[in-house]
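Written below as structure tokens is the structure these notes are about.
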Amino acid sequence: MASLKYTDQHEWVAVDGDTATVGITDYAQGQLGDVVFVELPDEGKSFAMGDQAAVVESVKAAAEVYAPISGEIVEVNEALNGKPELVNEDAIGDGWFFKISIDDETELDSLMDEKEYREFVKGLG
Amino acid sequence: MRYLPLTDEDRTSMLATVGVESVDALYRGVPKAALLDRPVDLPPHGGEIEVERRICALAAQNIGASTAPFFLGAGNYFHHIPATVDHLIQRSEYLTSYTPYQPEISQGTLQALFEFQTQVALITGMEIANASMYDGATACAEAAMMACRVTRRHRVVLSGGLHPHYRDVTATNVKFMSLDISALAPDANGTEDAAVTIDDHTACVVVQNPDVFGRVRDYSNLGAACRAKGALLVVVVTEIVSLGALMPPGDMGADIVAAEGQSLGNPMSFGGPHVGLFAVREKFLRQMPGRLCGETVDTDGKRGWVLTLSTREQHIRREKATSNICTNSGLCALAFTIHLTLLGEAGFTRLAAINHARASTLAKKLGAVPGVVLLNETFFNEFTLRLPRPASPIVDTLAARGILAGVPVVRLFPDQRDLANLLLVSATEMTTDDDMDRLVAALGEVLK
Amino acid sequence: MTDVVTLTGNRGLDLEEKLIFEQDKAGRTAVDLPEPERHDNRLGPARRTRPIGLPGLSEPQVVRHYVRMSRNNYAIDAGIYPLGSCTMKHNPRLNEKMARQPGLADIHPLQPQGTVQGAFALMHELAHWLAELTGMPAVALSPAAGAHGELTGLMAIRSALEARGDARRVVLVPESAHGTNPASAHMCGYEIESVAATARGRVDLAAMKARLAPDVAAVMITNPNTCGLFEDDMAEISAAVHAAGAFVYCDGANFNAIVGRVRPGDLGIDAMHLNLHKTFSTPHGGGGPGAGPVTLSKALAPFAPLPYVVREGEGFRLVEQAGETGAHPYGRMKGFHGQFGVFVRALSYMMSMGSDGLRQASADAVLNANYLRARLQGTMSLSYEGPCMHEVLFDDHFLADTGVSTLDFAKAMIDEGVHPMTMYFPLIVHGAFLIEPTETEGRASLDLLADLMLGLAKRAKAKEVAFFKDSPKLAPRRRLDETRAARNPVLRWMPPAPKAAAE
Ligand SMILES: Cc1ncc(COP(=O)(O)O)c(C=O)c1O
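Protein chains in written order, with our numbering: chain A, 523 to 647; chain B, 147 to 594; chain C, 47 to 549.
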């Protein structure tokens, strides 16, 4: 997979042509614990960067997942409906949440790269 | 003071352990001016004998249903409660436990809730039910709010057959929520067609069955009309015993059922505490308010129950929760489920049949009183009469003769002077032939 | 002992019990009812035509069912139940007896008012006690529980503001608040902004003052707060809030610490709910019912919801509709007149305790919590220094690097035969242990709790991780799989699927 970008909300973004695949990071799934439910956005829905796009729930917590960039949802990971544990098992692979069109490529520049994100997480203690 | 185990000696030595001179030192954060140095101006403590005397003296000023021919309903019914119910709900383990936050030592409450949820789903004909709401009226308000979340629409239509307290509680609850309530005019004649009121903004239509005037309807067509326009059908039931004889709301296409469960296991108790029932189609599960009990296994693989799907609730989701409800009606739900378990299919349907039979007999007798007209084509255990004169003074006159004759419709719809002559009358398994004869005779005399 | 295997799955007095649906025999019932008389059927076309599916049991089976299940519950009647924020005090049986009196249990809310004067007198008397104890002039009795009271009080605030032409937009809620506070403010149409706590576990007065502006409608303060501490700046908070044209809502869940000693009205509170099922001893019943009357300041009194009782001549009158002079009720919060059966119990308790007893009760509740604090604070990590009110808050720092969590610790307490404290609330400290013994625990039971917690802390510090992770071992169930329950919700019993027809 191409190199990943990260948000400070612990989402990862993988760019593939004019769409980006989005999920939550391994760190985020570890903090949440067993994921029991993911509420995915409707396909075709548009979001501005930073809008709430999905919700991921464990037994005792619910976390919002924000659109890391502006765009339209082109596909969602239906597999999560029956198997939310995919988020725990393979957060940056089979546990992806949605694919979103890239409306403004410059937004990607504001995201962290792998190394920056690792530093960021370390800073959280 | 009989509820306080500490002795003065305990207090002194405990203060020493804490390292302060007096309890006042523990209140040192309280501004001096606000710290009372003597008891507030209320009576001092009383023993059991004294408290019993004082409260029983108040009780004695009331006329209770067990001492008078009694015909009131309107969402609160006088039914028999088997002795077993009251005995079991007073067991310490049920009465004096908290919400089952530690499931390993709360399986009794949890298993009962799981059975309760199943029973509620069965009698309403719905897929799932929650672990209770405060009462029918607040359940109705929650149903309206939930329908708005599910449909992402903002208009709620309330039928004119809905109990006015339910209408008002719903309207008040959403008052500051930028939702839009369309309450239809009181439907005393049963001519309302709520389907024509559905538009593209309508989240739900809320109807009651039997309605507040006692009429029974099949709302299947309304359900279909709602579906066709993307709105939900909410069915309210204020007399849950009716479901032993009537088509369940689920079979009519209800999406949400909000009901009052008082009639099973719970005394009228002047209107509360009662138990709100809340049942929905499974696809709306995540938008449901209130607690849910679910089945699972323990680490030994044994079946057990836990509170589940809590991410909908306030303690996790805070302002994004589906509702602010926390404490619900646990013990009233337990009384409900025990009563329904005692009844079983045979007993529940028999109880409903008796209620209908008693009401049918009473309707015939009252309808024969000169000047009295029975308005209902259909009813379960409650119906509306048109009297030749305003009902309220007649009810007061009958009360003075020791007969609690029913609910004047204007008590429910105070602005509706045109309904002044209507009287809502109910009969249950508690109503005897003698009660009926006394009412019929007294009403005949008063109307002469 | 734990690995004894029995044939039945029972373990002595610890009994397994099937679901009622698994004990069904068609046609059986535990209630003998007569045949209905001959009558005209007036049900119309919407009569039931299919079976319901309810199980049939006899009376002895039903009695056993609920008795056997009950034995799987812990209860206050059986031992200390130190759930912080819940005030699990003794529930006197006199209260139950009173609520069941004929003339109270068997009256209907819509009877002619002349036939229920005793009930109105009782409601009026209860309101009088609550008004005296809080130092606030008006009481809205109808809310069904604390959360419902919050909404009721906030709606009064919003109505008062709207009457001024100024609804405002924001409610300030300290980050330590109970989840019902922001949830209720949201239902009242407000945005919620969080106010930080100080290092002393109190509302940050400076931060709050800085945020007070014309868009703030109210602040919601819990006092004593959810950390078990008195908000010592309360009077100043109220003054600042009032100066900004806003109102002070107080979550009165912790009133047990101050009842009879401090009147919230004297601290400038405008609206406060009282959980009768906490402070005034009415039973929690495994989750309810409760009652959450709201006391109101002079400024808010005219906006109380319907219905309410007023004295009139020798008697009482229930006001059920708008139109009284000087009153601007904003609507109705609950069917009928509120949780009357809970009112009876609470009044029975108050009359039993009296003004002297209530004052002693709060002192004992506070002393008991401080005694536990004194005994535990050398070993466990006290979150905030200094005396506490009726509950004491520890966090999980003392468990750092042990591999044992607050949850594990709680589960080990279960094996010791006590109910654990409140865990993970409030959210502002890590791995909270919120302990509220109440005044109805004696010295011996406090010592038992302290001793066992100290003993467990020692084992935790010795890193006996497996011991904790395996707990509880002696309860009716071991740890339950909550992930499974949430991933595949099974919320009702379903008849077993019919066996696939033989080919
Ligand atoms: C601090 C606090 N506020 C509010 C509530 C809500 O009260 P209730 O459960 O009666 O709705 C609770 C109790 O659960 C509480 O502890």
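The beta-carbon is built from N, C-alpha and C at its ideal position, and this holds for glycine as well.
Give every residue of the same chain whose Cβ lies closer than 6 Å to the Cβ of alanine 283(B), excluding the five residues on either side of it in the sequence, and list them in chain order.
His311, Tyr312 and Val315
Contact the segment 228-239 of chain B vs the segment 118-125 of chain C: 3+ CB pairs below 8 Å
yes
Give the range of the alpha helix (DSSP H) segment to which proline 228(C) is assigned.
226-233
Expected contact under 8 Å - CB spacing of glycine 247(C) and alanine 415(C) to nearest Å:
That belief does not hold up - the Cβ atoms of glycine 247(C) and alanine 415(C) are roughly 14 Å apart, past 8 Å.
Classify asparagine 501(B) as helix, strand or coil using the three-state DSSP reduction.
helix
When the distance is taken between beta carbons, is glutamate 629(A) closer than 8 Å to serine 592(A)?
yes
Simplified DSSP assignment, three categories, for valine 557(A)
strand
Nearest-angstrom Cα distance between aspartate 212(C) and methionine 292(B)?
28 Å
Between valine 536(C) and chain B, is the shortest Cβ-Cβ distance under 8 Å, so that the two count as touching?
yes
Leaving aside the five residues before and after glutamate 63(C) along the sequence, list all residues of the same chain whose C-beta is less than 7 Å from its C-beta, in chain order.
His111, Arg114 and Met115
If alanine 545(B) sits next to proline 158(C), beta carbons under 8 Å apart, how far is it from one beta carbon to the other, in whole angstroms?
5 Å
Any C-beta of chain C sitting closer than 8 Å to the C-beta of arginine 557(B)?
yes
Under 8 Å between C-beta atoms, does phenylalanine 559(A) make it to chain C?
yes
Name the chain C residues whose beta carbon is nearer than 7 Å to that of valine 581(A)?
Glu528, Thr529 and Ala532
Just the chain A side, please: which residues come within less than 7 Å of isoleucine 462(B) by C-beta, in chain order?
Lys582, Ala583 and Ala584
Cross-chain neighbours of threonine 457(B) in chain A, by beta carbon under 9 Å
Val558, Phe559, Val577, Glu579, Ser580, Val581, Lys582, Ala583 and Ala584
Which chain B residues are close to alanine 165(C), counting only those with a beta carbon under 9 Å from its beta carbon?
Leu204, Ala205, Gln207, Asn208 and Phe416
Can you grab the Cα-Cα spacing for the pair histidine 520(B) / lysine 510(B), in whole Å?
Sequence check: residue 520(B) is leucine here, not histidine. Looking at the two C-alpha atoms, the distance is approximately 9 Å.
Here's the rule: buried if 16 or more other CB atoms are within 10 angstroms of the residue's CB, otherwise exposed. What is glutamate 575(B)?
buried
Cβ contact check for the segment 174-187 of chain C and the segment 185-193 of chain B: 3 or more pairs under 8 Å:
yes
Spatial distance of aspartate 612(A) from threonine 445(B) (CA atoms)
25 Å
Local conformation of valine 544(A) per DSSP, three classes
strand
Assuming glycine 552(B) and leucine 569(B) are in contact, meaning their beta carbons sit under 8 Å apart, how far apart are those beta carbons, in whole angstroms?
5 Å
Find out if the Cβ-Cβ distance for the pair glycine 338(C), histidine 194(C) is shorter than 8 Å.
yes
Looking at chain C, which residues of the segment 593-615 of chain A have a Cβ within less than 8 Å of any of its Cβ atoms?
Pro606 and Glu607
Cα-Cα separation, methionine 47(C) to valine 108(C):
Its pLDDT being 47, under 50, methionine 47(C) is placed unreliably in this model, and the coordinates cannot settle the point.
Beta-carbon of phenylalanine 365(C) versus every beta-carbon of chain B: anything under 8 Å?
Inspection of the sequence shows that residue 365(C) is occupied by valine rather than by phenylalanine. Cβ-Cβ to chain B under 8 Å: no for valine 365(C).
Members of the segment 296-330 of chain B that neighbour chain C once the beta carbon cut-off is set at 8 Å:
His309, His311, Tyr312, Asp314, Val315, Ala317, Thr318, Asn319, Lys321, Phe322, Met323 and Ser324
Determine the burial state of leucine 651(A): buried for a count of at least 16 other Cβ atoms within 10 Å of its Cβ, exposed for fewer.
A query on residue 651(A) cannot be resolved here, the shown segment of chain A reaching from 523 to 647 and no further.
Relative to ligand 1, is the shortest distance from any of its heavy atoms to the C-beta of histidine 232(C) smaller than 7 Å?
no
Quiz: which residues have CB nearer than 6 Å to ligand 1 non-hydrogen atoms
Cys472(B), Thr473(B), Ser131(C), Ala191(C), Gly192(C), Ala193(C), His224(C), Thr226(C), Thr268(C), Thr272(C), Asp297(C), Ala299(C), Asn321(C), Gly336(C) and Gly338(C)
When we look at the beta-carbon of methionine 523(A) and count the other beta-carbons within 10 Å, is it buried (16 or more) or exposed?
For methionine 523(A), the predicted structure reports a pLDDT of 48, less than 50, and the residue's modelled location is therefore unreliable. A value from the coordinates is still provided. It is exposed - the Cβ of methionine 523(A) has fewer than 16 other Cβ atoms within 10 Å.
If you scan the segment 296-358 of chain C from start to end, which runs of the beta strand (DSSP E) of 3 or more residues do you find wholly inside it?
317-319, 340-342 and 354-358
Sequence-distant residues of the same chain with beta carbon closer than 7 Å to methionine 147(B), five excluded per side
His191
Indicate whether at least one CB of chain C lies closer than 8 Å to the CB of methionine 160(B).
yes
Return the Cβ separation of threonine 226(C) and asparagine 470(B) in integer angstroms, given the expectation that the two are a contact with Cβ distance under 8 Å.
5 Å
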